[in-house]
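Structure first, then comments.
Residue numbers (the working numbering), protein chains in the order written: chain A, 3 to 80; chain B, 1188 to 1416.
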């Protein structure tokens, strides 16, 4: 099953990339705040049970995909 | 003293480490390919070098932290063996959970190469024994992700237990935001684990040990290690 893991910096963690992009958008005249940049990871995980597949993806997040010091993830089974 | 320098694909300070430990200090210094599963017998110090291991893919140091040699480096650390991680080596030690925290993108978003001053916060470590608490030394930095970050409760714990080994400072040793090149919390440049045998730092002491190359500010750390083992 296809799984989409969205990794975001935790609230409160400084995101200088997001800040730079926000300033860039302001430069174009857009009114926008709190731009945060994350990472999208797509996985193809064997299995047919979404609950089981999600659990596997969660284990992958804990082992490697996410650094809990600075990041949090949301997992979507497609 | 026997030193092992693990070499990952993308390491680029391994030869600086070999030069500092081998040529300058005269220690037996052995490069160890990341696919190895054992450190050389009787390794006393593991020097995890800087660079861009695995192209900094996913997060700096995240993939190197899973390399086969890392299990033996963890065993070495668990047995009280010395581990020094510099720059990407520091990032790898954090990702391998040998040290707390993470190194984020510099606040300025830029890669910074500069000579910086560090203040010795702990002079009782195997890495700092030949230095004095409060002493200031100059070493270079060269990194884009050196912004040390930890959640506030853990940061307070780290400070309370004396986990900060080095802090960025002015040439005369003053601490303050103005002297922090990369946004690191509390101006932290280097930390140690609870036991004091694993040290990670962003600045490069191994690049400031040879008078022929114009700087010797990093020698204190190597002299300390030499007097420890």
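Glycine is no exception: its CB is placed at the ideal position from the N, C-alpha and C atoms. Values in this document were obtained by computation on a predicted structure and should not be read as measured data.
{"Asked": "Taking its Cβ as the centre, do 16 or more other Cβ atoms sit within 10 Å of residue 1221(B), making it buried, or is it exposed?", "Found": "buried"}
{"Asked": "Is residue 1329(B) helix, strand or coil by DSSP?", "Found": "strand"}
{"Asked": "Can residue 1288(B) and residue 1341(B) be called in contact, C-beta distance under 9 Å?", "Found": "yes"}
{"Asked": "Using DSSP with H/G/I as helix, E/B as strand and the rest coil, what is residue 1244(B)?", "Found": "coil"}
{"Asked": "Inspect the beta-carbon positions of residue 1217(B) and residue 1251(B) and report whether they are closer than 9 Å.", "Found": "no"}
{"Asked": "Identify whether residue 1282(B) lies in helix, strand or coil by the three-state DSSP scheme.", "Found": "helix"}
{"Asked": "Is residue 1277(B) helix, strand or coil by DSSP?", "Found": "helix"}
{"Asked": "Excluding five sequence neighbours on each side, which residues of the same chain lie with their C-beta closer than 7 Å to the C-beta of residue 19(A)?", "Found": "39"}
{"Asked": "Give me the residue from 1277(B), 1262(B), 1213(B), 1346(B) with the minimum Cα distance to residue 1328(B).", "Found": "1277(B)"}
{"Asked": "Determine the extent of the alpha helix (DSSP H) in which residue 1234(B) is found, giving its start and end residues.", "Found": "It is not in any alpha helix (DSSP H) - residue 1234(B) instead sits in the beta strand (DSSP E) that spans 1232 to 1235."}
{"Asked": "Please return the same chain residues whose Cβ sits closer than 6 Å to the Cβ of residue 1367(B), not counting the five positions on each side in sequence.", "Found": "1355, 1374"}
{"Asked": "Going by DSSP, name the residue or residues bridged to residue 1388(B).", "Found": "1273(B), 1377(B)"}
{"Asked": "Taking only three categories from DSSP, how would you classify residue 1225(B)?", "Found": "coil"}
{"Asked": "Any idea which residues DSSP pairs residue 65(A) with across the strands?", "Found": "None; residue 65(A) has no bridge partner."}
{"Asked": "Compute the Euclidean distance between the alpha carbons of residue 1350(B) and residue 21(A), then round it to the nearest angstrom.", "Found": "31 Å"}
{"Asked": "Please determine, among 1315(B), 1291(B), 1331(B), the residue with the shortest C-alpha to C-alpha distance to residue 71(A).", "Found": "1291(B)"}
{"Asked": "May I have the straight-line CA-CA distance separating residue 9(A) from residue 1299(B), to the nearest angstrom?", "Found": "26 Å"}
{"Asked": "Quickly, what does DSSP pair residue 78(A) with across the bridge? List them, please.", "Found": "6(A)"}
{"Asked": "When you compare each of 1253(B), 1326(B), 1309(B) to residue 1224(B) by their alpha carbons, which one comes out closest?", "Found": "1253(B)"}
{"Asked": "At the 9 Å Cβ level, is residue 67(A) part of the contact set with chain B, yes or no?", "Found": "yes"}
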